[in-house]
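To start, the structure itself, in structure tokens.
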Amino acid sequence: MGNNAPVFFIQDAIKFPDFVHALKPEPHNEMPQGGSAHDTFWDFFAQNPESTHAVFWAMSDRGIPKNYRQMEGFGVHTFRLVNKEGQSYFVKFHWKPLHGLESLVWDEAQILHGKDVDFHRKDLYESIEKGDYPEW
Numbered sequence: 155m156g157n158n159a160p161v162f163f164i165q166d167a168i169k170f171p172d173f174v175h176a177l178k179p180e181p182h183n184e185m186p187q188g189g190s191a192h193d194t195f196w197d198f199f200a201q202n203p204e205s206t207h208a209v210f211w212a213m214s215d216r217g218i219p220k221n222y223r224q225m226e227g228f229g230v231h232t233f234r235l236v237n238k239e240g241q242s243y244f245v246k247f248h249w250k251p252l253h254g255l256e257s258l259v260w261d262e263a264q265i266l267h268g269k270d271v272d273f274h275r276k277d278l279y280e281s282i283e284k285g286d287y288p289e290w
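To convert, note that position 45 of the sequence shown is 199 in my numbering; the numbers rise steadily by one, no gaps.
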């Protein structure tokens, strides 16, 4: 399991349901909205200061990846790996795209999403079909 940011919004699992509810549409109209378009989103982050670093990542230039091939990946879990000599090391995986990093600004993302909601998946599929394989 991984994310496209090296930090997450919460440190305590008990807060996960509140985090998920903060990202849902407003309950009075159930209309889809941008994740940061309503009060519950900002209420959650104001009441959970450990989320500040992740909010900065989400709102930065890296918040909207241009495509999967040019997006970094950060493993959620840490693994203990043991070599032939019996020495163990704690390892956390990070994937760095060899195609470089590229992101979209909000206006570009809205235009692309409005034209093709599967833009990221289509880009990945078409790139693989052409032999331009994603590499990290």
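Note that CB positions come from ideal geometry on N, CA and C, so glycine has one too. As the structure is a computational prediction, the values presented were derived from the model and not from experiment.
| Query | Result |
| --- | --- |
| DSSP beta-bridge partners of V236 | S242 |
| Member of P288, F233, F198 whose CA lies at the smallest distance from the CA of I164 | F198 |
| Neighbour-count burial assignment, K365, 16 or more Cβ in a 10 Å radius | Here the chain covers residues 155 to 290 and nothing more, so residue 365 does not appear. |
| Cβ pair count under 8 Å reaching 3, the region 164 to 178 against the region 237 to 251 | no |
| CB of E226 within 7 Å of CB of L252, strictly | no |
| Whole runs of the beta strand (DSSP E) within the region 193 to 276, excluding any shorter than 3 residues | 227 to 229, 233 to 236, 242 to 245 |
| G156, buried or exposed, once every other Cβ within 10 Å from all chains shown has been counted against 16 | exposed |
| Cβ contact (3+ pairs, closer than 8 Å) linking the region 248 to 265 and the region 220 to 235 | yes |
| N-terminal and C-terminal residue of the alpha helix (DSSP H) that D172 is part of | 170 to 177 |
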